[in-house]
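Chains as they are written, first to last, in the working numbering: chain A, 1 to 204; chain B, 205 to 421. Even for Gly, the Cβ is constructed at its ideal location relative to N, Cα and C. Data first, discussion second: the structure below is written as structure tokens.
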Ligand SMILES: [Zn+2]
């Protein structure tokens, strides 16, 4: 875990993907919120902008639109940082929400020629729920998830189960299974894709 | 008590922003009413964010973001007021309802009626997928019908019953071609519905009702 005094020279170190940088990112976002701290914003920008661009390229397959997404997302982060509250979740989850919302509105504009900017009504920025869940084992949803899980290959099943049902973090699971973080992510992605396909078949 | 929930794969697609607007509205309304699904969605959002943002991606030398960043930080920051949910109310056939947040912007929709049913169509422009608000008057039944495509019903107020049981506010019900049902409401109800094909009435005289099926679609 970083001490606050270490934040200043964090940029000298080569980022280590296995290091938990979340507390640091939360601090930067809070500094933007309270003081409009440009140095903290630059840190957020360096971390998030390339990833938002990569996400935008996947969504729109066009460089210019991907750059629009970076511009709008980071501009909203700058202007709306005061709406972020660390008790409700991580900075990266909040920024993901902004990016996902803007991207949803852009896709609607491209696909249906609608500029209604629905996203803020669908996913309010100031109220992403606390991930405290009362687990109710016989709940229908859980039963359906478990049913879907049975059809996955064992390694994907193990990962989806640990992340969604046992609520482990990616990092904890990587350590637990003694495999690289990237392996966890790719198994999770494959598993979720299969579950999604099942849903699509179900809805046909 | 809410008994019918969206499948977890649908919540997952919603949090990823991959569902059409019409279905996203339904999931969003359900989450506002169902703390359990809301908690699941929050967890999934966090997992998606971790997945997108944990990739080791550094600024490439081809990208010059510095001008963009300078422009952004030059923007004045206006203090953000605590956003509040403005309750949006509608009145249909002398009954007043409060719309959930995801529908609040549609409070001024135009209603048209056929018999005991009032409908307001939402201008979402998603091709064959139609989204509507439906108000069904008291002591009304919709005769036996099947669904050629799918029909999603999210109950906003009141309750109704069909062959499989009783549905209450917040219930998220998806029916497709395999299902045949005839819902009945004693006290009337207000629903949000999404469907991709007209209802198809199946029994005897009620086939004459197929124009209603198109009205409901
Ligand atoms: Zn639910």
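May I have the straight-line CA-CA distance separating residue i from residue j, to the nearest angstrom?
i: residue 152(A); j: residue 243(B); result: 24 Å
i: residue 271(B); j: residue 239(B); result: 43 Å
i: residue 23(A); j: residue 90(A); result: 8 Å
i: residue 386(B); j: residue 120(A); result: 36 Å
i: residue 112(A); j: residue 103(A); result: 14 Å
i: residue 305(B); j: residue 94(A); result: 20 Å
i: residue 216(B); j: residue 192(A); result: 9 Å
i: residue 133(A); j: residue 157(A); result: Model confidence at residue 133(A) stands at a pLDDT of 40, short of 50, so the residue's coordinates are unreliable; what they give is reported in the following sentence. Computed Cα separation, rounded: 21 Å.
i: residue 255(B); j: residue 229(B); result: 25 Å
i: residue 35(A); j: residue 48(A); result: 20 Å
i: residue 380(B); j: residue 338(B); result: 19 Å
i: residue 376(B); j: residue 335(B); result: 14 Å
i: residue 279(B); j: residue 31(A); result: 17 Å
i: residue 388(B); j: residue 276(B); result: 56 Å
i: residue 84(A); j: residue 29(A); result: 8 Å
i: residue 54(A); j: residue 65(A); result: 11 Å
i: residue 365(B); j: residue 397(B); result: 16 Å
i: residue 273(B); j: residue 124(A); result: 25 Å
i: residue 173(A); j: residue 362(B); result: 45 Å
i: residue 75(A); j: residue 257(B); result: 18 Å
Measure how close the beta-carbons of residue i and residue j come, nearest whole angstrom, since I'm counting them as under 8 Å.
i: residue 166(B); j: residue 252(B); result: No statement about residue 166(B) is possible, as the shown extent of chain B runs from 205 to 421 and does not include it.
i: residue 383(B); j: residue 350(B); result: 7 Å
i: residue 118(A); j: residue 225(B); result: 6 Å
What in chain B is Cβ-close to residue i, meaning under 7 Å?
i: residue 34(A); result: In chain order: nothing, as chain B lies at least about 11 Å away.
i: residue 112(A); result: 329 and 330
What are the boundary residues of the beta strand (DSSP E) that includes residue i?
i: residue 394(B); result: 393 to 399
i: residue 322(B); result: 321 to 325
i: residue 300(B); result: 299 to 303
i: residue 357(B); result: 354 to 362
i: residue 179(A); result: No beta strand (DSSP E) holds residue 179(A); DSSP gives it neither H nor E.
i: residue 368(B); result: First-last for residue 368(B): undefined, no H or E at that position.
Could you spell out the range, first to last residue, of the alpha helix (DSSP H) harbouring residue i?
i: residue 378(B); result: Element bounds for residue 378(B): not the alpha helix (DSSP H) but the beta strand (DSSP E), 376 to 380.
i: residue 335(B); result: Counting along the chain, residue 335(B) falls outside any alpha helix (DSSP H), though it belongs to the beta strand (DSSP E) covering 334 to 340.
i: residue 56(A); result: 38 to 60
i: residue 98(A); result: 91 to 112
i: residue 30(A); result: 22 to 35
i: residue 307(B); result: Segment: none, residue 307(B) is in no alpha helix (DSSP H) and carries neither H nor E.
i: residue 231(B); result: 225 to 237
Under the rule that 16 or more other beta-carbon atoms within 10 Å means buried, what is residue i, buried or exposed?
i: residue 208(B); result: buried
i: residue 51(A); result: buried
i: residue 210(B); result: buried
i: residue 205(B); result: exposed
i: residue 314(B); result: exposed
i: residue 295(B); result: exposed
i: residue 322(B); result: buried
i: residue 20(A); result: exposed
i: residue 268(B); result: exposed
i: residue 331(B); result: exposed
Give me the chain A residues within the contact set of residue i, using Cβ-Cβ distance strictly less than 7 Å, ordered along the chain.
i: residue 389(B); result: In chain order: nothing, as chain A lies at least about 23 Å away.
i: residue 279(B); result: 75, 78 and 79
i: residue 374(B); result: Chain A residues near residue 374(B): none, gap ~14 Å exceeds 7 Å.
i: residue 221(B); result: 100, 103 and 104
Just to make sure I have the definition right: I need the residues of chain B whose C-beta is within less than 9 Å of the C-beta of residue i. Which are they?
i: residue 170(A); result: 251, 254, 255 and 258
i: residue 60(A); result: Here the premise fails: no neighbours, minimum Cβ distance about 13 Å.
i: residue 92(A); result: 250, 253, 254, 256, 257 and 258
Give the residues of chain B in contact with residue i, contact being defined as C-beta atoms less than 8 Å apart.
i: residue 186(A); result: Within chain B, no residue comes near residue 186(A); the closest Cβ sits about 10 Å away, beyond 8 Å.
i: residue 163(A); result: 251
i: residue 157(A); result: Correct list: empty, because the minimum Cβ distance to chain B is about 14 Å.
What does residue i reach in chain A if we use C-beta pairs closer than 9 Å?
i: residue 350(B); result: Correct list: empty, because the minimum Cβ distance to chain A is about 16 Å.
Within 8 Å of any Cβ in chain C, is that where the Cβ of residue i sits?
i: residue 299(B); result: Among the protein chains in the structure shown, which are A and B, there is no chain C.
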